[in-house]
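Counting with mature numbering (1 follows the signal peptide of the UniProt record, and there is no 0), you get residues -23 to -1, 1 to 256 for the letters of the sequence shown.
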Amino acid sequence: MICLCSLFRLTLILMHLLTLVKTKNDKGLVKLIVKPLTETFCFPPFAEKTRFQYPRDCGQIMLNGVKASGVYTIYINGNKVAPLKVSCDMDTDGGGWLVFQRRQNGGTNFFRPWADYEVGFGDPADEFWIGLAPLHALSSQARYELRVDLRDGGSTAYGYYARFHVGSNTTNYLLRLGPFLGNAGDSLMYHHGRVFSTPDKDNDGSLTNCAESYRGGWWYHNCHQSNLNGRYGDTSHSRGVNWYSWKGHSHSISFVEMKMRPLKLADLRNKRRRKHTQP
């Protein structure tokens, strides 16, 4: 960014040819005295050109030059009349991740009805769920990947899915996932192809109400291998924040983030990486 103080001052000098003041000296002769300009002017700094005026996800926010993780405004499908505050992770695995769920302190109640899970609740700077309707709209903009980050005590783990999509309300927000990678073990593919359930809307494949029994809204099957919206800190069997393949059903994980990123962004990042590593 450039400040044009000196350049603008020079321009004024050239435009006005300085200020000429007529005076008389002791001999009555008229001479011209040049009165120098003393004012300093400065244009506001040039702003870098914004690539995406209405970014639709955290990937586009990153491509706009933003490097810090935090809460930013996006516009799903570029709709400028419907801004949405989201949490962006610009640090993990190259950045550009839109966080849509976080558990970290138990301060937010996740045992909620369908209406709450549909529109979202909580604070994107703290614990929150972005909402099923926004998740459908977001994941329908392009092809997305999913990452689940888990932390408990001094241990960390992650799960990665090469595809992530949530269906519309007419499908009860059906979950679609791609192939798995990661060191947390795969505890979400069991829920692939399942629809969402809440205590007041039982859509699971069990004879019992899984959401009521296990204290959260989720893509329950019969009933779960993961329960990331379960009751925080609850160590009774299957009722806490569970990821079975990492900590089992009787350990409630202390920190969880679920996040999505456009596959195109990952492809671009990998292409640049290959280019820089070629001899």
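Backbone N, C-alpha and C define an ideal beta-carbon position, used for all residues, glycine too.
Where does residue i land, buried or exposed, given buried means 16+ other C-beta within 10 angstroms?
i	result
residue 213	exposed
residue 30	exposed
residue 145	exposed
residue 161	buried
residue 68	exposed
residue 103	exposed
residue 236	buried
residue 147	exposed
residue 80	buried
residue 44	exposed
residue 224	buried
residue 7	Residue confidence is low: residue 7 scores 41 on pLDDT, short of 50, so the model does not pin down where it sits. Its coordinate-derived value is still stated next. Burial call: exposed.
DSSP on residue i, reduced to helix/strand/coil?
i	result
residue 159	strand
residue 133	strand
residue 154	strand
residue 138	strand
residue 185	coil
residue 174	strand
residue 127	strand
residue 36	helix
Do residue i and residue j have their CB atoms nearer than 7 Å?
i	j	result
residue 49	residue 38	yes
residue 239	residue 99	no
residue 150	residue 109	yes
residue 182	residue 198	yes
residue 186	residue 179	yes
residue 242	residue 73	yes
residue 152	residue 106	no
residue 75	residue 63	yes
Please report the Cβ distance between residue i and residue j, rounded to the nearest whole angstrom; I am assuming they are in contact, meaning their Cβ atoms lie under 8 Å.
i	j	result
residue 167	residue 142	Not confirmed; about 17 Å, so no contact.
Is the CB of residue i under 7 Å away from at least one CB in chain B?
i	result
residue 207	Looking for chain B here will not work: only one protein chain is present.
- [ ] Any chance you could list the alpha helix (DSSP H) runs of at least 4 consecutive residues sitting entirely within the stretch 42 to 120, in chain order?
- [x] For the stretch 42 to 120, whole alpha helix (DSSP H) runs of length 4 or above, ordered along the chain, are 91 to 96, 109 to 116.
- [ ] Can you check the stretch 194 to 254 for any alpha helix (DSSP H) of at least 4 residues that lies completely inside it and give the ranges in chain order?
- [x] Qualifying alpha helix (DSSP H) stretches, in chain order: 221 to 224, 240 to 254.
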